[in-house]
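Mapping of the sequence shown onto the working numbering: position 129 corresponds to residue 115, and the numbering continues sequentially without gaps.
Have a look at the structure below, then the notes.
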Amino acid sequence: PRAGAPSFFRRVLVALDGTELPPAAVPVIATLARGSPETELLLLRVAPAGRGLTAEELVAPLRPALEALRAAGLAARPVIGAGEPADEVLAAAERVDADLVAVTSRGRQGAARLIEGSHAEEILRRCARPVLMVHADER
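Written out as structure tokens, the structure reads:
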């Protein structure tokens, strides 16, 4: 979009797993948001229930991605949750009234997929909002 043009996406929820920053979805979403001052990028990190992490401990790993997005002139802020990842992403999407939910998928197959499941696929199936699934490059 050209600078100053209205954006189709006002709020984009980017679900992060906290293990790789920036995740594959962040550059893609940044490209979609660039040129639209109304778009706010909300980086979500979910802690497993019962882990007892503080808000600061949850937000700290997001800081590099937040700073990179802000340095690129984009509005970005953290959102945190605790519980089952897919449930928390879906709840956060409703809570922040997201226009788009972005998730990464590692593309697991076979036994790894059966054992670990796919939060991204569950979000894709259950989310009432548009979902952008980006393959996470693990190289």
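Here a beta-carbon is modelled for each residue, glycine too, at the ideal position from N, C-alpha and C.
Using the three-state DSSP reduction, which class does residue i fall into: helix, strand or coil?
i       : result
Leu100  : For Leu100, the predicted structure reports a pLDDT of 44, less than 50, and the residue's modelled location is therefore unreliable. A value from the coordinates is still provided. Correct three-state label for Leu100: helix.
Glu6    : For Glu6, the predicted structure reports a pLDDT of 49, less than 50, and the residue's modelled location is therefore unreliable. The matter cannot be settled from this model.
Leu(-1) : strand
Pro71   : helix
Val45   : helix
Thr40   : coil
Val89   : strand
Val117  : strand
Ala84   : coil
Evaluate residue i with the Cβ neighbour count: other Cβ atoms within 10 Å of its Cβ, from every protein chain shown; 16 or more gives buried, anything less gives exposed.
i       : result
Gly38   : exposed
Pro71   : buried
Thr25   : buried
Arg(-3) : buried
Glu42   : exposed
Ala114  : exposed
His121  : exposed
Phe(-5) : buried
Is residue j closer than 8 angstroms to residue i when the C-beta atoms are compared?
i     : j      : result
Leu29 : Ala62  : yes
Ile15 : Val0   : yes
Leu27 : Leu2   : no
Leu76 : Arg111 : no
Determine which residues share a DSSP beta bridge with residue i and list them.
i     : result
Ala62 : Leu27
### Message
Could you check whether the region 43 to 56 touches the region 78 to 89, counting it as contact only if at least three pairs of C-beta atoms, one from each stretch, sit closer than 8 angstroms?
### Response
no
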